[in-house]
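Using the working numbering, read the sequence shown as starting at 195 and increasing by one per residue. Please read the structure below before turning to the comments.
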Amino acid sequence: MARKSRGTRAAIRRLERKAYRANGWLIASLSFLVVGPLMACGGVNVFGSDGPGICCCFVGIFSPFVALGGLLLMGGDRARWNRALGFARAGDDLGLDYTEEPGRSAAAFLRGCATIGDAEHELRRNRLEGSYRGRRVRVMDYRSGYGGSNVVARTTIVWDGEARGVPRLALYPRGWRQKLADAVGAGGGSIRLAGEREFNDAYVLQGTDADAVAACFTDELIGVCLEERSLVVEALDGSLLVYWDGEEFPPADLPDRLATALRVLKLLAPHAEPDAGS
195 MARKSRGTRA AIRRLERKAY RANGWLIASL SFLVVGPLMA CGGVNVFGSD
245 GPGICCCFVG IFSPFVALGG LLLMGGDRAR WNRALGFARA GDDLGLDYTE
295 EPGRSAAAFL RGCATIGDAE HELRRNRLEG SYRGRRVRVM DYRSGYGGSN
345 VVARTTIVWD GEARGVPRLA LYPRGWRQKL ADAVGAGGGS IRLAGEREFN
395 DAYVLQGTDA DAVAACFTDE LIGVCLEERS LVVEALDGSL LVYWDGEEFP
445 PADLPDRLAT ALRVLKLLAP HAEPDAGS
């Protein structure tokens, strides 16, 4: 049975209150959007053109604007708190510790990755960390901005220190900006796998040691990459980053995404032993 964290349980209770409150305000805004115009018509019919009727008329005129403002505000809050609550609950089921708004240090490894880089601004939310099937893992929603309004969102999975022996490499869907082509090191152009045209057309593979990197990509790993299509994988300093390009996946998908990311880790580092202390 997965270990339960007191901190995560406390976060769940706090997020439940926020989510319920946001959901309540959203329902109230929707109700006001419908009831307001009815009040205007009904007020005039019941009270005529006297003071109460005029008040009802004004309420009816302005209620759609008030309701729409409430919908815009509460819609964003509702999505945020429901997502946070979903991740806290999913993490709790897996025995992972949850942090709603992790500090800047939580993204230190991500900033060093070529597939992400050092963003001009960033947003970090919904971090989960702990042991998953004997492996140290960190999950986090990470949005990074690169000038103006160019913001990239993704849910990252980092296997912390679990990819020892894996050569420096980066895999990402073809079509990314060409400036990433040499970001991994001195390896130069993309590494093309012999006899794997579909894979070579779908992905860019970079690494400092082309032969060592190519040797890591077995038929099974190539199959996983082609099945997922938008997979991003980067090995750096004994850790492994996995995420899906431009996607913050739903909390309900966490078990499946972790299982896929773990499969990628095991295929890249088949001889790495799980942490005995986890």
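Heads up, the beta-carbon is just placed ideally off N, CA and C, and yes, glycines get one too.
Under 9 Å between C-beta atoms of residue i and residue j
i	j	result
L363	G401	yes
D335	F303	no
V427	R348	no
E356	L459	yes
R318	G341	no
V436	A453	no
A301	T293	no
E316	R337	yes
L209	L279	yes
Neighbourhood of residue i by C-beta distance below 7 Å, restricted to the same chain and skipping five residues each side
i	result
L430	G306, C307 and R362
G440	V346, A347 and R348
R457	V418
Chain-order list of residues whose beta-carbon lies under 6 Å from that of residue i (same chain, five-residue window excluded)
i	result
F281	N320 and P445
D312	R305
A406	P361
Own chain residues within Cβ distance below 8 Å of residue i, not counting five before or after
i	result
K373	Low local confidence applies: a pLDDT of 43 at K373 is under 50, so the model's placement there is unreliable, and no value is given.
R368	D395, A396, Y397 and V398
E295	R318 and R319
L387	F393, N394, L399, A408, F411 and I416
A463	E356, A357, R358, G359, V360 and L434
For residue i, the first and last residue of its enclosing alpha helix (DSSP H)
i	result
N394	R391 to A396
D405	A404 to C410
P449	L448 to L462
Range covered by the beta strand (DSSP E) that runs through residue i
i	result
I351	V345 to W353
R423	Per DSSP, R423 belongs to no beta strand (DSSP E) and is neither H nor E.
D335	R329 to G339
V360	Looking at the DSSP string, V360 is not in any beta strand (DSSP E), and its letter there is neither H nor E.
S433	S433 to W438
Rounded separation between residue i and residue j - CA only
i	j	result
R329	S433	11 Å
C410	C419	13 Å
N344	D286	33 Å
W275	F393	38 Å
E467	D450	22 Å
V398	R207	43 Å
T202	D291	6 Å
A273	L365	31 Å
G218	S325	36 Å
F443	E422	13 Å
Alpha helix (DSSP H) runs wholly inside the region 285 to 315, at least 4 long, in chain order: Listed in chain order, the complete alpha helix (DSSP H) runs (minimum 4 residues) inside the region 285 to 315 are 302 to 305.
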